[in-house]
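Some notes on the structure that comes next.
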Amino acid sequence: MKKRIIGIALAIFVVLSAFGGGNQSLAPSSQDSSAPLEVTWFAELTPGIAQVVTNLGETPFAQELMRRTNTQIEFQHPAAGQLNQAFNLMVASGDLTDIIEYDILGRYPGGPEKAIEDGVIVDLTDLLPVHAPNLWKFYQENPDIAKLARTDSGKYYSFPFIRGHESLVVYFGPIVNSKWLADLGMAYPETIADWETMLTRFKNEKGATAPLTYEPALLESNNSTFVGAFGVNFDFYLDNNRQIQYGPIQPGYRQFLETFQRWYANGLIDPNIESMNREQTTFKMTTGQAGASLGYAASRLGVWLSAVKDNPEIDFTGTKYPVLNRGDIPMFSQMDFPLQGSIGDAHISTAAKDVVGILKLLDYGYSEEGNMFYNFGIEGVSYEMIDGYPTYTDLLMNDPNLPRAAMFGQYLRSSSNGPFVQRREYFEQYGYQFPQQEVALPNWAVTDVMNHKLPPISPTPEESAELATIMSDINTYRDEMRTKYIMGIENLNTFDTYVRNIQNMGLNRAIEIYTNALRRFNAR
Amino acid sequence: MKKLPYKLRTGFHRDKELLLMLLPVVVYFIVFHYIPMYGATIAFKNYTPAKGFTGSPWVGFVHFVRFFNSVFFSRVVINTFAISALSLLFGFPAPIILALLLNEVKLRWFKNSVQTITYLPHFISLVVIIGLLREFTLTDGVVNDMLSFFGVQRRPLLQFPEYFRTLFVVSEVWQTIGWNSIIYLAALSGVDPELYEAAKIDGANRWKQTIHITLPSIQSTIMILLILRMGRLFTVGFEKIILMYSPSTYSVADVISTLVYRTGLLEMNFSYSTAVGLFNSLINFLMLLLANKLSKRFSETSLW
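In structure tokens form, the structure reads like this:
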């Protein structure tokens, strides 16, 4: 009796799990030329376009893509700001879309090798040369980029977002209220001391309640503004001897904390800094509560400039990344590799039935015609060729009601990201809406970061699991202590204990793993 | 098959309609509560979705050992207990007191409006509640406006560890007091009015009546609810904490469920987070047993 009940229970379980397991067979079938290929596609709906449509499929861009590639695409978008959770839930449920657009390289725990091993995405190494001739040709012509596109063991796994020109790799930096600087008769700040003087005068003479404001996530991200002046960043980097170091335990990091603690105590940093979000930052900058911040060339600087274009009291520009001594070259700043893992990288999931058909669909973005389409949209509608230069039409550039980001997003994908090669002509028209932006970008591009930034290296799946265990503890502790030090909740004389704690959490093992991965990368 | 004992057989025969009505409930519990429990085995495995529950390799107690050795182990356990105990200490008596007070009110319209007003926060989404709380506690928020009137320096209150638990408990009481008082009001309406009349004749004032008649009458309701609440003494839901905390308050706010959320959903370390969750459930189960036993001894009220 008892045995039978267990037997039945197990049988029920097996049946149920078989339903949940998902179909993982790989059966490429030849596509009937008349019936469109049905594809599901997971991708983030970028904020710029989310104000116009709820699904990318409704846009002229997607309609045209489906027509040109003879496909029927169903886009699935995560809720705004929920990209990571939505992706993780999708993987955990096993209910995968055919195409997954996500930063597998940077955000999948264990990286692409692990994603292949876990049965999430398909290994494309043998498929690309045969079924994706355009992307393959691009890799043959650009071996440096191809090196970034494969794993240590030589596997290809994505249709990546590639920045096709060096002017496209810089798009983020410090922003200051240049009208206030002119009023006070000050030059653009270069050193940390300049910044301190400037922020103090903003506070005292311009009545700024939050002279410097930013969202903590932006300070921490790979741009390393301010902390970079002290020769360190918030994560791993290469020192002058090409050795891997962890920034938050270096003496320079302590100097950074001392500086920011003083600034916070003196009211130079927004007192509510830990709860700032994008809207609040924009509000404070454009209403004169704040005079300096960090941000992107288009979605911050551009948006703020258009918000204050009728306000004679406020104007913005991008300044150089701060350094310690006048004349230094900033050691860290935001500068991307042409390919470094983007949420626009497209991958084929193991749930895809017609892998060959999807390869064809994605490869279109790397063809001559597809490249024009992804970057500029439809000729005659969103752009015209004028003297051989693809020029965006008024429809995109001068919509009376909608910001450019919303209009661009409906007709093309170069204003955000996606599986294609981004072209400089896009940015020359989209990014330079205001002359102030043209000043900002060369300022932000003054940097030595390429000698200090870790390339997109990939630890092995086993190393990754170990690394994740170590770094999840260390990063939690680092963030906690950084905030406490800056807000003055914790005294900086505990810094040595803090460093020891981080070392005890297994930092040396993490550095060892990264060093091995770097060696393998260099040997690619 | 062995023959069923006589009593069981007649019972089965007699109550077959009742048993039939019970069947859907039993099926529901087996399908949705017992079968999924099999998933808890991944706490002892290195689970990856591709290999599934059965295919992932067994690793024994590795994840438990990692949790017990984690630098954050004692912190999340202490925080979970502290936040939960404070919520219990202030959150449990509050609706009882509100119900007792409302019970004494004779003005019907006043009683009804107070009840409605105190229920309302229960129907507001937690996200909105915390959104309000965040805005109110900014340096230019309404709480700081009031404090600065009394000469207190403006500070972003939610960012300081010393205020976190207070804000957590106060907002919790505010949100739940009205809703939780309903069950006590229902119990109070069942008290025999003759008891009060008798007490009045004996010369008991309102306070004496409350102590000697009202409270003993609803004592069993209070005890059952307390036992159930004790079963969750080591549980703090992650939603509210996630919405409220930031790195500067991790030291007092990080609890077991937020650790599970971060490692499981954000880092996709499913096995580890399951192990932590399982440990939490085990502690809760023991707490429930303990509370039940204590209650049985002191008040003769118990769950079983």
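Chains as they are written, first to last, in this note's numbering: chain B, -12 to 511; chain Z, -15 to 288.
Where is the CB? At the ideal position from N, CA and C, for every residue including glycine.
Every beta strand (DSSP E) of 3 residues or more that sits fully in the region 296 to 331 of chain B is shown, in chain order, as 303 to 305. Beta-bridge analysis with DSSP links residue 18 of chain Z to no other residue. Within a 10 Å sphere around the beta-carbon of residue 331 of chain B sit 16 or more other beta-carbons, which makes this residue buried. Between the C-alpha atoms of residue 457 of chain B and residue 267 of chain Z there is a straight-line separation of about 27 Å. For residue 409 of chain B, the pairing in a beta bridge is given by DSSP as B/150. Contact annotation: in the region 13 to 39 of chain Z, residues whose CB is within less than 9 Å of a CB in chain B are 14, 15, 18, 19, 22, 30, 32, 33, 34, 35, 36, 37, 38. Straight through space, the alpha carbons of residue 138 of chain B and residue 100 of chain B are spaced by roughly 7 Å. A Cβ-Cβ distance of about 17 Å is found for the pair residue 447 of chain B and residue 108 of chain B, leaving them out of contact under the 8 Å criterion. Of the other Cβ atoms in all chains shown, 16 or more fall within 10 Å of the Cβ of residue 392 of chain B; this residue is therefore buried. Taking 9 Å as the upper bound on Cβ-Cβ separation, chain Z lies near residues 95, 96, 97, 101, 104, 105, 106, 107 of the region 87 to 110 of chain B.
Those residues of the region 141 to 154 of chain Z placed with their C-beta closer than 8 Å to a C-beta in chain B are 142, 143, 144, 145, ordered along the chain. Within a 10 Å sphere around the beta-carbon of residue 301 of chain B sit 16 or more other beta-carbons, which makes this residue buried.
Across the region 210 to 243 of chain Z, CB contacts with chain B closer than 7 Å involve 230, 231, 232, 234, 235, in sequence order along the chain. Contact between residue 281 of chain B and residue 225 of chain B does not hold, since their C-beta atoms are separated by about 23 Å, which reaches or exceeds 8 Å. For the pair residue 179 of chain Z and residue 201 of chain Z, the CB atoms are nearer than the 9 Å cut-off. For residue 178 of chain Z, the uninterrupted alpha helix (DSSP H) run begins and ends at 177 to 185, by DSSP. Along the region 239 to 267 of chain B, going in chain order, the ones with a CB nearer than 7 Å to a CB of chain Z are 258, 259, 261, 262. Chain B has a Cβ within less than 9 Å of the Cβ of residue 56 of chain Z. Neighbours of residue 467 of chain B in chain Z, taken as residues whose beta carbon is under 8 Å from its own, are 231, 232, 234, 235 in chain order.
Within the region 252 to 268 of chain Z, the residues whose Cβ lies closer than 9 Å to some Cβ of chain B are 252, 253, 254, 256, listed in chain order. Residues of the region 475 to 497 of chain B that bring their beta carbon within less than 7 Å of a beta carbon in chain Z comprise 476, 492, in sequence order. Taking a beta-carbon distance threshold of 9 Å, residue 459 of chain B counts as an interface residue toward chain Z.
Of the residues Z/10, Z/11, Z/9, Z/36, the one whose Cα lies closest to the Cα of residue 22 of chain Z is Z/36. In this model, residue 25 of chain B and residue 59 of chain B are separated by some 5 Å (Cα to Cα). By a beta-carbon distance limit of 8 Å, residue 60 of chain Z does not contact residue 206 of chain Z. Their separation comes to about 30 Å. Within the region 97 to 170 of chain Z, the runs of alpha helix (DSSP H) at least 4 residues long that lie entirely inside it are, in chain order, 110 to 120, 126 to 133. Contacts with chain B (Cβ-Cβ distance below 8 Å) from the region 105 to 121 of chain Z involve 118, listed in chain order. Of the other Cβ atoms in all chains shown, fewer than 16 fall within 10 Å of the Cβ of residue 0 of chain Z; this residue is therefore exposed.
Within the region 2 to 53 of chain Z, the alpha helix (DSSP H) runs of at least 4 residues that lie entirely inside it are, in chain order, 36 to 39, 46 to 53. With respect to chain Z, the C-beta atom of residue 305 of chain B has no partner C-beta closer than 9 Å. Separation of the CB atoms of residue 279 of chain B and residue 430 of chain B is rounded to 14 Å, and the pair is thereby denied contact status at 8 Å. Look at residue -2 of chain Z: its C-beta is not under 9 Å from any C-beta on chain B. In this chain, the beta strand (DSSP E) harbouring residue 376 of chain B covers 376 to 379. Look at the beta carbons and you see the region 250 to 269 of chain Z not touching the region 479 to 489 of chain B: under three pairs across the two are nearer than 8 Å.
In the three-state reduction of the DSSP assignment, residue 439 of chain B falls in the coil class. Take the alpha-carbon of residue 249 of chain Z and the one of residue 136 of chain Z: they are about 41 Å apart.
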